[in-house]
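Please read the structure below before turning to the comments.
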Amino acid sequence: MQLQTQYEKCIEACLECLEACNYCFRSCLEEEDVSMMTGCIRLDRECADACQLAITAMQTNSPHVKEICQLVATICAACADECAKHDHEHCKQCAEACRNCAEACEEMVASLN
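What follows is the structure, given as structure tokens:
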């Protein structure tokens with residue numbers, strides 16, 4: 012796969028993950044027991060921020076894309092694990108988007124080796 016195509020695939024996954032994390036974050040704040048959701052809220056924010064960094068890095072062809080995507084894959088996996096602990100639909104959707112993003116970022120890293 013061409014590098015540009017790999018970038019586009021990873022950027023799309025990061026964007027979907029960013030949006031899912033932002034939606035999950037907002038939805039968690041509206042849950043009855045917000046204190047139970049603090050880990051999810053924290054990771055949603057961190058993951059969304061990391062995805063934004065990865066998008067920018069790929070769009071600007073940063074020399075640090077490999078390292079950034081590796082970090083994002085790690086953060087996305089952690090966010091997916093946390094969201095998967097909850098039964099809320101927004102958490103389930105977020106977990107899936109995070110898993111997809113982690114996979115896309117890992118593929119990005121592999122293509123840069």
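Going by the numbering used here, the first residue of the sequence shown is number 12, and it counts up by one from there.
We treat Cβ as the ideally placed atom computed from N, Cα and C, and that holds for glycine.
These numbers were taken from a predicted model, which means no experiment stands behind them.
To the nearest angstrom, how far is it from the Cα of residue i to the Cα of residue j?
| i | j | result |
| --- | --- | --- |
| Ile-22 | Ser-38 | 24 Å |
| Lys-77 | Glu-100 | 32 Å |
| Leu-123 | Asp-44 | 43 Å |
Closer than 7 Å by C-beta to residue i: which residues in its own chain qualify, once you throw out the five before and the five after it? Chain order, please.
| i | result |
| --- | --- |
| Ala-130 | This structure gives no information on residue 130, because the portion of the chain shown stretches from 12 to 124. |
| Leu-64 | Ile-79 |
For the alpha helix (DSSP H) that contains residue i, what are its first and last residues?
| i | result |
| --- | --- |
| Thr-77 | The sequence given here places Lys at residue 77; Thr does not occur at that position. Run containing Lys-77: 76 to 95, per the alpha helix (DSSP H) assignment. |
| Thr-16 | 14 to 40 |
| Ser-122 | 100 to 122 |
| Asp-60 | 49 to 70 |
Can residue i and residue j be called in contact, C-beta distance under 8 Å?
| i | j | result |
| --- | --- | --- |
| Leu-82 | Ala-68 | no |
| Met-119 | Cys-80 | yes |
Give every residue of the same chain whose Cβ lies closer than 6 Å to the Cβ of residue i, excluding the five residues on either side of it in the sequence, and list them in chain order.
| i | result |
| --- | --- |
| Ala-31 | Gln-104, Cys-105, Ala-108 |
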